[in-house]
Structures are given as structure tokens and as C-alpha cells.
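Please read the structure below before turning to the comments.
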Amino acid sequence: MDEYLLIDGYNIIYAWDELKALAETNLDAARLSLQDILCNYQGYKKTNVIVVYDGYKVKGNPGSITPYFNIHIIFTKEAETADAYIEKASNQLARKYRVTVATSDHLEQMIILGQGAMRLSANDLKAEIDTVNQLIKEKYLDNKEDPKNMLFDHASPVLANFLEKLRLQKD
0 MDEYLLIDGY
10 NIIYAWDELK
20 ALAETNLDAA
30 RLSLQDILCN
40 YQGYKKTNVI
50 VVYDGYKVKG
60 NPGSITPYFN
70 IHIIFTKEAE
80 TADAYIEKAS
90 NQLARKYRVT
100 VATSDHLEQM
110 IILGQGAMRL
120 SANDLKAEID
130 TVNQLIKEKY
140 LDNKEDPKNM
150 LFDHASPVLA
160 NFLEKLRLQK
170 D
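Be aware that the sequence shown starts at 0, since it is given in numbering that gives the first Met the number 0, and climbs by one per residue.
So this is what it looks like as C-alpha cells:
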């Protein structure tokens, strides 16, 4: 069964201290930082990640859906909140797929639970991402083999013996 993770982007940004501090000086940088973190997470978990940002206060905003590497970014249209979009999307997706919504908005959590989706608070999402990052580090980064790539390291014993005899022959 496919899995979807819907994320209330601004809710997460303002719940995580490092992103909140970044957002105070540069909101675009905070969004990009969150998106990069989520791309890494998606690459390991293989769940469909959708980050939803409020665009409801922007006059004439038609909304947008944009791929960002391996995740999707949604800016809601004018007069539509991220909460409203997430409620609608989770209601539709939860009929066929396993859906989790990441937000610390308690009212939003209650609504999506009633629709059959699961919830993650901002802190729970952070803890899960930290766990995934640790697993990635252990699996891929801490177990790096020697970067040297020697011919005899990967040759069969028969081929290695033949090549060694060839190397030792004197003309």
C-alpha cells in the first residue's frame, strides 16, 4: 500500500528551533532547508511526501503544485489555508492509501484522525527524521570501504593467479 506524508510546512518550520531561527531572517531559506531535509527522508523511507504552505493571503494567488526533487511542494490558492488543503487531501487519499499528517495544530490533528489518517506532531516528525538520518549514517556513511579499487580485490582466485604469473614472467 502506498504511503503519503502530508506536511504543514509553516507549522513545522515554526516548531523546529533551527528552522524558526532561519525563518526570522530568511523564510525562503527555511523552506528550502525543510524541503532538503524531507528529500533526504523520502529517499530512505520511499513514502510520498507532500509539503503544503499557506498561500491564502496572497492576492490573486492561483496556488501551485511543484515537484522539488523527490517530493511535492504545494502553495495553496488565495483564501485557502494549508489546513483546509490538508484536510481535503487527507480525506481523499485516506480512502485508498495510508496517510500521515505532520502538524502540531491540535484541531487539525483531530480532524485528520476522524478522516482515517494518522498524525505526527512536529516533534515526532523531527525525532523520526533524526532516527532515519542515524540509520543512513550507520548504513552508508560509517561503513565506507577503503576508497582504493585494486584489480586483485575483485578478481576471482583463478584470474588473480593468472595475472600474478603473467606479472612475474620475465622476457
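Built from N, CA and C at the ideal position, the CB exists for glycine as well.
Checking 8 Å against the spacing of the C-beta atoms, do residue i and residue j come in under that value?
i, j, result
"Lys-76", "Gly-54", "yes"
"Leu-119", "Glu-127", "yes"
"Lys-44", "Val-98", "no"
"Ile-49", "Leu-33", "no"
Can you tell me where the beta strand (DSSP E) holding residue i begins and where it ends?
i, result
"Ser-63", "63-67"
"Thr-102", "That residue, Thr-102, is in no beta strand (DSSP E); it is neither H nor E in DSSP."
"Tyr-52", "47-52"
So the alpha helix (DSSP H) residue i belongs to, where does it begin and stop?
i, result
"Tyr-13", "8-14"
"Asn-122", "121-135"
"Val-57", "Unbroken run through Val-57: none, as it is neither H nor E."
"Arg-166", "156-167"
"Tyr-40", "26-44"
"Ala-88", "81-92"
Spatial neighbours of residue i within its chain, please: CB distance less than 6 Å, with the 5 preceding and 5 following residues excluded, ordered by chain position.
i, result
"Thr-172", "This structure cannot speak to residue 172, because the chain is shown only from 0 to 170."
"Asn-60", "Gly-54, Lys-76 and Glu-77"
"Pro-156", "none"
For residue i, collect the residues of the same chain with a Cβ closer than 7 Å to its Cβ; drop the 5 residues on either side in sequence, then sort them by chain order.
i, result
"Ala-116", "Ser-89, Ala-93, Val-98, Thr-99 and Val-100"
With a threshold of 8 Å on Cβ separation, who are the neighbours of residue i within its own chain once the five nearest residues in sequence on each side are excluded?
i, result
"Gly-42", "Asn-69"
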